[in-house]
Structures are given as C-alpha cells and as structure tokens.
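With this note's numbering applied, the sequence shown covers 1 to 212. C-beta atoms are modelled at their ideal positions from N, C-alpha and C, and glycine is treated no differently.
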Amino acid sequence: MQKLKIILIVFVLSSLILPVQAQETVRLPEPERKGGMPLFEALDNRQSLRSYSSRELSERDLSNILWAAFGMNREDGRRTAPSARNWQQFDIYLIKADGWYLYDPAEHALVKKGNEDFRQYAGSQDFVATAPLNLIFVSDHDRMTGASRENREFHSATDVGFISQNVYLYCASEGLATVVRGLLDRDRLKELMKLRPSQHVILGQTVGYPGN
Ligand SMILES: Cc1cc2nc3c(=O)[nH]c(=O)nc-3n(C[C@H](O)[C@H](O)[C@H](O)COP(=O)(O)O)c2cc1C
C-alpha cells in the first residue's frame, strides 16, 4: 500500500514538473558589447537584403543580434532600445529550423517553446522559409499600463522600429543580411505560438548570412 502511494505521488509530481521542463533554456554566450564597425560606416552599409544562405547562425552572432536588438545594457534592467514610459512591452520570438524560442533578456538566454519549424508561416516571401532566423516582434498590451487602446497600438508601432534598426546596424557592421517585414500572417503566427490575447505580432525580421 505504502509503495503504491509513493508511485502515485511520483506520478503526480512528474506530471506537474514535466511540462515546465519541456521549456528548455539555452544560455547564450555573453554579448560582445564592444568593437564592431564605426557607427558611420554601419549607417553607410545599412540595407535590406532578401537573399540568404541557409547556414545556421553562429552562437556569437545570435547572442550579439539579440543583445543589440533589445538586450539589457544597464544594471537597472533598461535596454538597448528605448520604449515609451519604459514599458518594455516587446518580446522577441525566434523562428528557426530546430524550433521556436523566446528571448529572455534578463538571463540573456533562449527559452525553447516548441520543436516545430514554423519558418514557412513566418512570412509570405520565399526566402523566409529557408533563412536560418526570423525574429518576430511581439507587443504585450498588458504591459502598457494606463494607456488607451489607441496609444497601445501607437507605441507598439513606434517602439518596434528602434529594435529593428538595432538589428539592422549589427547586421551592417558584421556583413549579415537582414530585412524587416510587415508581410506576415499575424493571426496565424499568434495562434501557432499560442500567444495571449494581449500579445500582438507587429513585425518580423529575417536575419542570416548573405546568399548569392
Ligand atoms: C514597417 C516596414 C515593413 C516592411 N515590410 C517589408 C516586407 O514585408 N517585405 C520586404 O521585403 N521588405 C519590407 N520592408 C523593407 C522595405 O521594403 C525597405 O526598407 C525599403 O525598400 C528600403 O530599402 P532599404 O531598407 O534597403 O533602405 C519593410 C520596411 C518597413 C520599415
């Protein structure tokens, strides 16, 4: 009887713990935070490219891209991009061949949310399905406390630009290809990524090494 009780307790506990464990956390290497091309040269090189190699991004580039995009650059948790009233309402999801992830800026880590390759749903242009990385910028209206619906939408549209431009500048500096994209099925992505009603897909951004 005692043995049966223990087996039952272990079963109940493991069913509670396992779904949490499915969200594997992948630590990224420390971002470099120094170096790169002089700012004016990066501005001179900034451009949208639509031809990508399918080669996986290095861990170094992945780490630097995410930190540049919207990483924490100060002790108090403030970020590399500004946000209205410091709401920090944006999350960055990553859609890759080996699954989809959420960037955790405090840990500078990726939280794996699923193993599916959703790249074919990350945009309507052909290169999106074969490029190694699509960033999906998601605004959480619940974080914009005290704002009207109109203002939540306005600041979702304005603040995403800073994050995207940070990615553009890193890519310009390192010779990577990138393009920000409004052509994506927001409702489909929201459903696939099981987002909450308050979370809104705003833009996507493809990143990779340049193709031919
Ligand atoms: C909000 C926004 C949405 C965009 N959406 C797309 C898109 O869906 N697909 C695409 O190929 N380019 C997209 N672009 C990139 C523009 O086409 C590009 O920035 C423009 O042609 C100027 O080229 P440049 O970035 O090389 O200067 C978008 C740009 C912005 C700012």
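Here A131 has Y52, T206 and G208 as same chain residues with Cβ atoms under 6 Å from its own Cβ, once five neighbours each way along the sequence are excluded. Here the distance from the Cβ of S48 to the nearest heavy atom of ligand 1 is below 6 Å.
Comparing alpha carbon positions, the residue from Y170, R196, R33 and Q125 closest to D140 is R196.
With contacts defined by Cβ atoms closer than 7 Å, Y168 and T158 do not form a contacting pair. The beta-carbon distance between L28 and L110, rounded to whole angstroms, is 7 Å. This is short enough to meet the 8 Å contact definition.
V180 has its Cβ nearer than 6 Å to a heavy atom of ligand 1.
Of the residues S124, A106 and A129, the one whose Cα lies closest to the Cα of D117 is A129.
Following the DSSP letters along the chain, one finds H200 inside the beta strand (DSSP E) bounded by residues Q199 to G208. Rounded to the nearest angstrom, the Cβ distance from Q125 to L183 is 6 Å, consistent with a contact under 8 Å.
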